[in-house]
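Undergrad:
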Amino acid sequence: MGNQSLHPLLERLRGGLVVSCQAHPGSPLREPFIISRLALAAQHGGAAGLRIQGFADVQAVRAVTDLPLIGLTKTDREDTSVYITPTAEEAVHLAKLGCEIVALDATLRPRPEPLQGIFAAVHEAGALVMADISTLEEAQAAMALGADIVSTTLSGYTPYSRQLGGPDWTLMNELREAEVPFVAEGRLHSPAEATQARRQGAVFVVVGSAITRPDVITSWFTKALHD
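Sequential numbering from 48 applies to the sequence shown in my numbering.
Below is the structure:
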């Protein structure tokens, strides 16, 4: 799979690091301007691309960098547990704001809209689809529906996927063996783990908390010191 031909944009990202710049509700960093500064800092450090959540943050980041953006929304809905870009309207708006890639939940959980229609809408808007999955079955289904690439983002976030404290190496191996092009994302906390993900077949690697969430990083140290 390492030499599988992909869309030129994905080939441009091959072997690189995409930095996820997001701040959870309640974080003192949860301001579009601050997210844009984090994005620029990541660019200065050599990031090949950025993963950004929310329309306001996407707009702020798009205004300061030409790096490829993977855009997503996180929307809590009463009718579904799917919350990463659950609708075509949100996905298309991200593309119109300048996201070259739109990430969305492609798990097998009940959803408000069919995946195939969302994929088609994203492609019609001129962007690529990154399908966030938690299992090999979901990855294969997403690719069959037209996803451009899958990401291991949601491993551990569905009740039927592996519940792990670290990266899902088994899922990465399964995807490689099945020749499904994938991005490694989720609980990658060190350069060594990012490198290992590449060795296990990831087209590129996405890292967030270990780079752009000082509150989380601080908690790792304080927990270690108090254990």
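For glycine and all other residues, C-beta sits at the position ideal for the given N, C-alpha and C.
Less than 8 Å between the CB atoms is what I'm expecting for D195 and I131, so what's the real figure, rounded?
TA: As a position in the sequence shown, residue 195 is number 148, starting the count at 1. As a position in the sequence shown, residue 131 is number 84, starting the count at 1. The pair is not a contact, with the Cβ atoms about 16 Å apart (cut-off 8 Å).
Undergrad: Rounded to whole angstroms, what is the Cα-Cα separation between A110 and V169?
TA: For the purposes of this step, residue 110 is taken as the residue at position 63 of the sequence shown. For the purposes of this step, residue 169 is taken as the residue at position 122 of the sequence shown. Computed Cα separation, rounded: 21 Å.
Undergrad: To the nearest angstrom, report how far apart L87 and S208 are at their CA atoms.
TA: Position 40 of the sequence shown, counted from the start, is the residue given in the question as residue 87. Position 161 of the sequence shown, counted from the start, is the residue given in the question as residue 208. Taking the straight line joining both Cα atoms gives about 34 Å.
Undergrad: To the nearest angstrom, how far is it from the Cα of I258 to the Cα of V227?
TA: Residue mapping note: residue 258 aligns to position 211 of the sequence shown, counting from 1. Residue mapping note: residue 227 aligns to position 180 of the sequence shown, counting from 1. Looking at the two C-alpha atoms, the distance is approximately 27 Å.
Undergrad: Residues in the same chain with beta-carbon distance under 7 Å from K143, minus the five sequence neighbours each way, listed in chain order, please.
TA: Mapped onto the sequence shown, residue 143 falls at position 96. Here the set comprises A172.
Undergrad: Could you give the distance in angstroms between the alpha-carbon of M48 and the alpha-carbon of V254?
TA: Here the question's residue 48 lines up with position 1 in the sequence shown. Here the question's residue 254 lines up with position 207 in the sequence shown. Note on M48: pLDDT 44, under 50, position unreliable in the model; no value is reported.
Undergrad: Once you ignore the five residues that flank S128 on each side, which residues in its own chain have a CB closer than 7 Å to its CB?
TA: As a working mapping, residue 128 is identified with position 81 in the sequence shown. Hits under 7 Å: R156.
Undergrad: In three-state terms, what does DSSP make of V31?
TA: Examination of residue 31 is not possible in this model, given that the chain is present from 48 through 274 alone.
Undergrad: Roughly how many angstroms lie between the CA atoms of A244 and W216, to the nearest whole one?
TA: Within the sequence shown, the letter at position 197 stands for residue 244. Within the sequence shown, the letter at position 169 stands for residue 216. So the two alpha carbons sit approximately 8 Å from each other.
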